[in-house]
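Heads up: the sequence shown runs through residues 3 to 155, numbered per this note's numbering.
Cβ coordinates follow ideal geometry from the N, Cα and C atoms, glycine included.
Keep in mind the model is a prediction, meaning the values are calculated, not measured.
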Amino acid sequence: MYTVMTRALEDSINKTKKDVQSVSSPWNTVVVSTDNENSIIIPTGKSAGLQVGDEFEIYNVTHHWKGQPCQSEYLLPTVDTSQPIAIATVEDAKDLAPNAARLRIKERLLSDSIEQGAYVYIHQLTSKRTLLRSVAIQNIEPFKIEIQGENVM
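What follows is the structure in structure tokens.
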């Protein structure tokens, strides 16, 4: 039974992984900290495949709510400008941890301050590759599997 359950769980995880990878939205993350002058911190790093020399575009975001912010239904986020505020790069290996990276501002395109929560999109990677995404699982519900007419928990 353990082998059957393990195989079923692995198959389910692999299917979910393929489904997530097939989503055609561009890779992105968010700014978790910024000094607005020289650098920003993002919550992704070597584990996602970031490398020294990778470049990213930074956009501030407006969050839209049905009513009062944070107290009503969340509708969607939109970027505030048609061009990025800045281009930032991973300059040094010491700025690259497994799950975080410091991006140094390489070029300022707009004078806007970079806000915490700003979106970060790929501008140019050092080599042709795909960055990995993280997926958060909120909960797993127990379920029954019927085998030869019997309920098994």
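Taking DSSP's pairing of strands, which residues face residue i in a bridge?
| i | result |
| --- | --- |
| R104 | I43 |
| Q73 | Beta-bridge pairing links Q73 to no other residue. |
| R110 | A88 |
| Q126 | E57 |
| Y121 | V32 and Y61 |
Going by CA-CA distance only, name the one from the options that's closest to residue i.
| i | options | result |
| --- | --- | --- |
| T91 | K19, Y123 and P100 | Y123 |
| P28 | Q126, L111 and P71 | Q126 |
| A95 | D13, D37, K20 and Q53 | Q53 |
| E117 | A10, S24, S35 and L133 | S35 |
| N62 | L98, Q85, T46 and R9 | Q85 |
| D97 | K20, V6 and S41 | S41 |
| P79 | K20, K19, A120 and Y4 | A120 |
| S115 | N16, I87, L105 and P100 | I87 |
| E39 | P45, Y76, E143 and R110 | R110 |
| I60 | Q73, T31 and D21 | T31 |
When DSSP labels each residue in this structure, what does residue i get in the three-state scheme?
| i | result |
| --- | --- |
| L78 | strand |
| L133 | coil |
| E59 | strand |
| A2 | No information on residue 2 is available, as it lies outside the stretch 3 to 155 that the chain covers here. |
| S115 | coil |
| K141 | A small fix is needed here, since residue 141 is Asn in this sequence, not Lys. Three-state result, N141: coil. |
| V32 | strand |
| T18 | helix |
Let me confirm a value: residue i is counted as buried when at least 16 other C-beta atoms fall within 10 Å, else exposed. Which label applies?
| i | result |
| --- | --- |
| R9 | exposed |
| T83 | exposed |
| T18 | exposed |
| V6 | exposed |
| T64 | exposed |
| D159 | The structure shown has nothing for residue 159, since the chain only spans 3 to 155. |
Say whether the stretch 36 to 52 touches the stretch 62 to 79, bearing in mind that this needs 3 or more beta-carbon pairs closer than 8 Å, one atom from each stretch. no
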